[in-house]
Structure formats: structure tokens, C-alpha cells
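In this note's numbering, the protein residues as written are 4 to 161. Ideal Cβ placement from N, Cα and C applies to all residues, glycine included.
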């Protein structure tokens, strides 16, 4: 089976994330969206189960996409899920250095797993979950960047 993993914090999911998920669902037989469990490095607005449920509710038309929470090295999660492909989104050049370092470390940890980079549609390249939350908190209109249900959850939480 042709299977890939698309990991991230997804706090919250945006249309940029969804664009990559939708396109990957057409390329791979199975796509696992890996939600990183809460850790002390990031201050998540939503816990891992809330993020998982928001993703699932946003992607209910994709039967070959499954959302799972993980709390391990990404390459270990990939082995557990029997995937040799990790998908990483690149929005802008500023993402590249960090993603490049992570891809090289993952290759060092497990040379059988490859990282593939995918860019979202250009209309989403400037948006991140952090920026989305900031604009919502300041009362801005973000309807072009996330589903209304997600925006409502962020507003309620903030």
C-alpha cells in the first residue's frame, strides 16, 4: 500500500493544511495526518484530541485520510504506521531551513524513510496557524483561511 504521513501541530488546521491533505489524498492510497501530542515546547490553544477532532470534522469527505495523535519521534511513528514517506509543507523560504534540518535528521535516524516537501496553493502560502490565531484575536476577517467552524472554535477559546 502506498502510504504517507503528514505530521504537524495543526493548532488549528487551516486551508493551507487542508490543501496539502486533499492533494496528498489523491496521490497516496492512505494518508495519516499525524497530530503532535501536547508538549512543553509549544503553547497550544487546543489539546491534541481537540485538534484531532477539528481535523476529522474538516476532512470527512476523504475516506483514505486518517487522523492519529502521536508522541514519539516522527520516524518511529512512520515505522509504526508502516509508511516510508513523510510529507512536510513549505509555505515560504523561511520554512525551508528548519524543514531541511529536520529532514536530514530524520534521514539520519532512519534512512528508509523519505521526506517530501509540498507547497500549498499560493493563496495560502502566507498563512500559518499562529498568524490565523493572532488575526482572530485582533478581530480580523480570516474566512478565506480556515473553515467557519474552526474560526468559531478559536474565537470561543480566545
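For this session: Following the continuous alpha helix (DSSP H) through residue 140, name the residue where it begins and the one where it ends.
Result: If you look at residue 140, you'll find it in the alpha helix (DSSP H) that goes 132-140.
For this session: Check whether the Cβ atoms of residue 4 and residue 32 lie closer than 9 Å to each other.
Result: yes
Exercise. Going by other Cβ atoms of all chains shown within 10 Å of its Cβ, with 16 needed for buried, is residue 77 buried or exposed?
Worked result: buried
Exercise. Among all the DSSP beta bridges, which residues are the ones paired with residue 101?
Worked result: BP columns for residue 101 are empty, so no partner.
Exercise. Nearest to residue 10 by alpha carbon, out of 119, 147 and 160?
Worked result: 119
Exercise. By DSSP, does residue 91 sit in helix, in strand, or in coil?
Worked result: Secondary structure of residue 91 (DSSP, three-state): strand.
For this session: Can you give me the start and stop residues for the beta strand (DSSP E) that residue 38 sits inside?
Result: 33-39
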